[in-house]
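In what follows, a structure is listed as structure tokens, so that the remarks can point back to it.
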Amino acid sequence: MSNDNKSSIHEFDFNLICEYFSNVERQGPGSPEVTIKALSFIDNLTNESRIADLGCGTGGQTMVLAQHAPGHITGIDLFSTFIDLFNLNADKQNLRDRVEGVVGSMDNLHFREEELDLIWSEGAIYNIGFEKGLKEWRKFLKMGGYIAVSEATWFTEERPAEIDEFWMDAYPEIDTIPNKVAQMQKAGYIPVTTFILPENCWTDNFFSPQVVVQDAFLKKYPGNITVEEFVKYARLEVELYSKYKEYYGYVFYIGKKL
Ligand code: SAH
Numbered sequence: 049m050s051n052d053n054k055s056s057i058h059e060f061d062f063n064l065i066c067e068y069f070s071n072v073e074r075q076g077p078g079s080p081e082v083t084i085k086a087l088s089f090i091d092n093l094t095n096e097s098r099i100a101d102l103g104c105g106t107g108g109q110t111m112v113l114a115q116h117a118p119g120h121i122t123g124i125d126l127f128s129t130f131i132d133l134f135n136l137n138a139d140k141q142n143l144r145d146r147v148e149g150v151v152g153s154m155d156n157l158h159f160r161e162e163e164l165d166l167i168w169s170e171g172a173i174y175n176i177g178f179e180k181g182l183k184e185w186r187k188f189l190k191m192g193g194y195i196a197v198s199e200a201t202w203f204t205e206e207r208p209a210e211i212d213e214f215w216m217d218a219y220p221e222i223d224t225i226p227n228k229v230a231q232m233q234k235a236g237y238i239p240v241t242t243f244i245l246p247e248n249c250w251t252d253n254f255f256s257p258q259v260v261v262q263d264a265f266l267k268k269y270p271g272n273i274t275v276e277e278f279v280k281y282a283r284l285e286v287e288l289y290s291k292y293k294e295y296y297g298y299v300f301y302i303g304k305k306l
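The opening residue of the sequence shown carries number 49 in the working numbering; numbering runs sequentially from there.
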């Protein structure tokens with residue numbers, strides 16, 4: 049296989065994933081209630097505040113954030129398709145004067161040092177890694193500024209091999225709540241709070257909306273192995289969650305810069 053072929057297959061994967069997730073409101077587990085709950089622990093915001101939402105996707109949580117917090121929010125995502133939809137969503141909700149989506153990577157941010165009052169990131173910090181993200185993003189926060197991220201987490205010290213193997217392959221940095229809190233502390237934040245996202249954040253808000261998209265995708269790309277594999281993986285995630293949800297889930301971690 050030539051390199052050209054490889055890169056075009058890669059390109060298709062990205063385009064496919066973008067197209068798939070552009071059809072759902074959220075690209076990760078979450079809910080408006082959870083965003084509002086996390087926000088209730090942040091007490092430093094004013095109309096002048098600068099907020100960044102990293103790995104914002106199409107902005108489901110950003111718009112909730114904007115409706116419940118003052119200040120200016122910059123959403124950053126790697127994919128321009130998501131950012132286009134993000135800005136469209138901000139337009140629709142008359143938030144464009146305070147909410148702006150920009151294409152960029154969370155490992156190469158262009159904020160000034162100590163520019164931000166709040167860094168938000170739901171279901172996305174895994175792309176850079178929890179520890180690395182906490183350490184690298186810290187410089188962009190003012191003293192006393194907050195970081196609020198949600199992250200895949202083990203609830204127990206031990207778990208069945210099947211789910212352990214799945215996560216070791218998907219995201220080996222998954223860890224227990226106390227270990228992640230210790231990482232937050234060591235990265236230079238006061239751990240303000242953690243809370244577990246309720247099940248409906250996965251089932252009703254993340255998995256259910258994908259069912260229609262999966263059927264439509266299989267119809268649109270008949271016999272396409274990449275599509276079939278992708279949908280198979282998405283369905284496996286649902287099956288594993290229902291089987292092992294007492295062992296893992298998403299947890300919100302909120303920290304304050306020391
Ligand atoms: N926060 C959204 C999306 C979570 S999915 C929600 O909760 O619904 C993870 C997001 O991270 C995707 O939108 C993906 O495009 C984005 N992403 C992946 N790698 C990235 C990177 N290096 N920099 C910025 N965004 C990235």
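For every residue, glycine included, the Cβ atom is placed at its ideal position computed from N, Cα and C.
All values reported here derive from a predicted model rather than from experimental measurement.
Q: Would you mind sorting Asn51 into buried or exposed? The rule is 16 or more other CB atoms within 10 Å of its CB.
A: The predicted model places Asn51 with a pLDDT of 42, which falls under 50 and marks its position as unreliable; any figure quoted below should be read in that light. That one is exposed.
(Q) Whether or not the stretch 232-240 and the stretch 259-273 are in contact is what I'm after, with contact meaning three or more pairs of Cβ atoms, one per stretch, closer than 8 angstroms; do they touch? (A) no
Q) Among Asn137, Leu136 and Tyr301, which has the Cα closest to the Cα of Phe178? A) Tyr301
Q. Name the DSSP beta bridge partners of Leu189, please?
A. Leu164
Q: List the DSSP bridge partners of Phe243.
A: Phe300
Q) Straight-line CA distance for Ala100 to Tyr68? A) 25 angstroms
Q. Considering only C-alpha positions, which residue in the set Leu245, Tyr289, Thr251 and Gly303 is nearest to Glu81?
A. Leu245
Q. What did DSSP end up calling Thr201 once you bin it into helix, strand or coil?
A. strand
(Q) For a test of the three-state rule: what should DSSP assign to Leu307, helix, strand or coil? (A) Outside the shown range of the chain (49 to 306) lies residue 307, about which nothing can therefore be said.
(Q) Run through the DSSP bridge pairs and tell me what Tyr237 is partnered with. (A) Lys305
Q.
Can you give me the C-alpha to C-alpha distance between Ser198 and Lys305, rounded to a whole angstrom?
A. 17 angstroms
Q) Which residues in the same chain have their Cβ closer than 6 angstroms to the Cβ of Ala138, if we skip the five residues on either side of it in sequence? A) Arg144 and Val147
Q. Are the Cβ atoms of Ile108 and Asp125 separated by less than 8 angstroms?
A. In the sequence under discussion, the amino acid at residue 108 is Gly, which differs from the Ile named in the question. Cβ distance not < 8 angstroms, so Gly108 and Asp125 don't count as in contact.
Q) Between Met49 and the rest of its own chain, which residues show a CB-CB distance below 8 angstroms, the 5 nearest in sequence each way excluded? A) In this prediction, Met49 has a pLDDT of 40, which is less than 50 and means its spatial position is unreliable; nothing more can be read from the coordinates.
Q.
I'd like to confirm something about Asp61: is its beta-carbon nearer than 7 angstroms to some heavy atom of the ligand SAH, or not?
A. no
Q.
Quick check: is any heavy atom of the ligand SAH less than 7 angstroms from the C-beta of Ala100?
A. no
Q: Enumerate, from N- to C-terminal direction, the unbroken beta strand (DSSP E) stretches of 3 or more residues contained entirely within the stretch 60-139.
A: 98-102 and 120-125
(Q) Within 10 Å of its beta-carbon, does Glu205 have 16 or more other beta-carbons around it, so buried, or fewer, so exposed? (A) exposed
Q | Of the listed residues Thr83, Leu136 and Ile167, nearest to His116 (C-alpha basis) | A | Thr83
Q) Buried or exposed: which applies to Thr106, given that a residue is buried once 16 or more other Cβ atoms fall within 10 Å of its Cβ? A) buried
**Q.** Residues that DSSP places opposite Thr224 in a beta bridge
**A.** Trp202
Q | Beta-carbon proximity check, Phe159 vs Phe188, cutoff 8 angstroms | A | yes
Q.
Please tell me whether, using a cut-off of 7 angstroms, the distance from the CB of Arg74 to the nearest non-hydrogen atom of the ligand SAH is below it.
A. yes
Q) Just checking, does the stretch 205-216 make contact with the stretch 291-298 on the three C-beta pairs under 8 angstroms criterion? A) yes
(Q) Short of 6 angstroms in beta carbon distance, which residues of its chain neighbour Ile176, apart from the five on each side in sequence? Order them along the chain. (A) Met154 and Asp155
Q) Roughly how many angstroms separate the alpha carbons of Thr201 and Lys291, rounded to a whole number? A) 16 angstroms
Q: State the Cα-Cα distance for the pair Leu266 and Pro220, rounded to the nearest angstrom.
A: 30 angstroms
Q) How is Ile176 classed by DSSP in three states: helix, strand or coil? A) coil
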